[in-house]
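Position in the sequence shown counted from 1, then plus 61, gives you the numbering used here.
Remarks on the structure that follows.
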Amino acid sequence: MPTDSVLQGTLEHPEDSDVVKECRALQREEFEVLESIYPDCVSSNEITEGTLKLEVPIEFEGERKVFITQDAVLVSPTNDLSSNASLTSSSNPLTETVAVSTLPSLLVTINLPARYPLSEPPKLASIRATHLWLPRIGLLNQLLTEMWQEGDGVLYNWVEYLRTGEFLEALNLVRPSDGVIEIVHSNPPILAPLLTSHDASSKSSQFAQSSYPCSDFWGMCVEEGDVGRVGCPDPECVKQKREAEEEEVARVLTDAEVARWRWLREKRNLEKDPTIIHCPVDICQTPVPKPPGEDPESGWDRFRQCPRCSFSFCSFCRRTWHGPVTQCVMTHSEKIVLEYLAEDEGSEERETLEKRYGKKNIQNLVARYQEELANKEWLAESTTECPGCGCHMTCWKCGKHFCYRCGTGLNPSSPYAHFSQPGRCFQKLFDFQAEEEEWIPMFED
62 MPTDSVLQGT LEHPEDSDVV KECRALQREE FEVLESIYPD CVSSNEITEG
112 TLKLEVPIEF EGERKVFITQ DAVLVSPTND LSSNASLTSS SNPLTETVAV
162 STLPSLLVTI NLPARYPLSE PPKLASIRAT HLWLPRIGLL NQLLTEMWQE
212 GDGVLYNWVE YLRTGEFLEA LNLVRPSDGV IEIVHSNPPI LAPLLTSHDA
262 SSKSSQFAQS SYPCSDFWGM CVEEGDVGRV GCPDPECVKQ KREAEEEEVA
312 RVLTDAEVAR WRWLREKRNL EKDPTIIHCP VDICQTPVPK PPGEDPESGW
362 DRFRQCPRCS FSFCSFCRRT WHGPVTQCVM THSEKIVLEY LAEDEGSEER
412 ETLEKRYGKK NIQNLVARYQ EELANKEWLA ESTTECPGCG CHMTCWKCGK
462 HFCYRCGTGL NPSSPYAHFS QPGRCFQKLF DFQAEEEEWI PMFED
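Next up, the structure:
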């Protein structure tokens, strides 16, 4: 057990008094608490002879700006806590500025005396900073030592004090005006990329540790069909609307979930294509793409064949394929024409319809619709339907007698009585006026 390794030095102490036993119990308890709260900070494999080694990362609540200066020296040559020492740089120093949310870890070696924590403080054997980024380590040693109070454990307070970066202010490494951290280093161009690299690696490690619960969330999104939310939860990735790649999804979800995710993505991408038309068979509904390279003039660009059920149909009327020459029933294509004409010319909606059905096809349908509409208007204004069967003028189909003016059916035995009765046609049997000049024959001399 790591606890026994920590206390190995104290177990072999010659004074096996009650005080030592009590200190041993307190040390064991403090170590177990520290190991349970900060398991990554305790280097248990390197604990021997009552020596405890900690690796404490510095983690800020948010991103902090770090100003690195070359050849900086302390104004005060002493490490007195009461001094207001600050950093000044030599003439024309090299400087670098980076923004990070973590700083490289501090390696702290601690010796636990036999009578700690009742009457003896822990001894700081060494404090080392990864990449040698931290100045004033001697002053930090003094700060940590003075934090101990007789009878109380201090290891947790030390780790928390270092982990949060609170010690930087005590070392006068933080500018009070803007909170910028000032670091002294012999070569800022070398230290700056090391700090940014460490910060990126730390973020990646934190994401890897917190990405395991994504299996529940991503699995739920795939089950509900919302594949757009299967992505990186990092705020920057959310802003960019970055979705997870297949390799990332495969690491988190099961094979069945990955297969459904892949199918949903393909379905969504197909639906974004305006030329896609779903199979009209109710039990199929498979997206059917437009055949590539078909000439709109030939009529074959209206042809669709479902890749799943092999049903061949017309993209306009959704009926069984009737060939490139036979026109669709107007009642079916009329919906497309009315939808097209309802939109403004040059609008995005019109362009979508033109892409889906073909611009030439749409133009032909509109021309046909307008021609049919003009014919209906002319017939309504210039003809009268037979009241028996719907034919106009004298009906050759059913022999029905009717009034051409009002369309009223007449008695075959006395058809002209209608014009002798009071009404809109009274005495108007022979009052027809030609709208155009009648034909006048021309004779040559």
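Yeah, the Cβ is synthetic: ideal placement off N, Cα and C, and Gly gets one too.
As the structure is a prediction and not an experimental result, all values here were calculated from the model.
According to DSSP, residue 348 shares a beta bridge with 339. Residue 383 and residue 359 have their alpha carbons spaced roughly 13 Å apart. DSSP links residue 440 through a beta bridge to no other residue. The beta carbons of residue 479 and residue 459 sit no closer together than 8 Å. The criterion of a C-beta distance shorter than 8 Å is not satisfied by residue 125 and residue 94. Between residue 232 and residue 171, the gap from beta carbon to beta carbon reaches 8 Å or more. Proximity to residue 336 across 414, 276, 261 peaks at 414, based on C-alpha coordinates.
The C-alpha of residue 100 is placed about 25 Å away from the C-alpha of residue 295.
Bounds of the beta strand (DSSP E) holding residue 117 are 112–131.
Taking C-beta atoms as the reference points, residue 117 and residue 169 count as a pair closer than 8 Å.
Rounded to whole angstroms, the gap between the alpha carbons of residue 374 and residue 381 is 4 Å. Under a 10 Å Cβ-count criterion, residue 303 is classified as exposed, with fewer than 16 other Cβ atoms of the shown protein chains found around its own Cβ.
461 is the residue among 461, 482, 466, 220 whose C-alpha sits nearest the C-alpha of residue 472. In the three-state scheme derived from DSSP, where H, G and I count as helix and E and B as strand, residue 425 is classed as helix. Where residue 157 is concerned, the enclosing beta strand (DSSP E) starts and stops at 156–172. With at least 16 other beta carbons inside 10 angstroms of its own, residue 377 counts as buried. Considering only 176, 301, 159, the residue with the shortest C-alpha distance to residue 252 is 159.
Inter-residue distance for residue 223 and residue 299 is about 32 Å (C-alpha atoms, whole angstroms).
Under the 10 Å beta carbon count, residue 422 is surrounded by 16 or more other beta carbons and is classified as buried.
Within the same chain, 282, 304, 322, 325, 326, 329 come within 8 Å of residue 288 by CB-CB distance, once the 5 residues on both sides are set aside. With fewer than 16 other CB atoms across the displayed protein chains lying within 10 angstroms of its CB, residue 217 is exposed. In this structure, 485 is the residue among 485, 402, 475, 362 with its C-alpha nearest to the C-alpha of residue 468. Following the DSSP letters along the chain, one finds residue 243 inside the beta strand (DSSP E) bounded by residues 242–246. At the C-beta level, residue 427 and residue 390 stay beyond 8 Å of one another. Rounded to whole angstroms, the gap between the alpha carbons of residue 175 and residue 185 is 15 Å. Residue 243 is positioned such that its CB atom lies no closer than 8 Å to that of residue 315. Judged by DSSP secondary structure, residue 92 falls within the alpha helix (DSSP H) whose first and last residues are 79–98. Shown here, residue 189 sits in a strand according to DSSP, grouped into three states. For the options 102, 190, 301, 214, the alpha carbon positioned closest to that of residue 173 is the one of 214. Here the alpha carbons of residue 306 and residue 280 stand approximately 15 Å from one another. The three-state reading of DSSP puts residue 326 in helix, counting H, G and I together.
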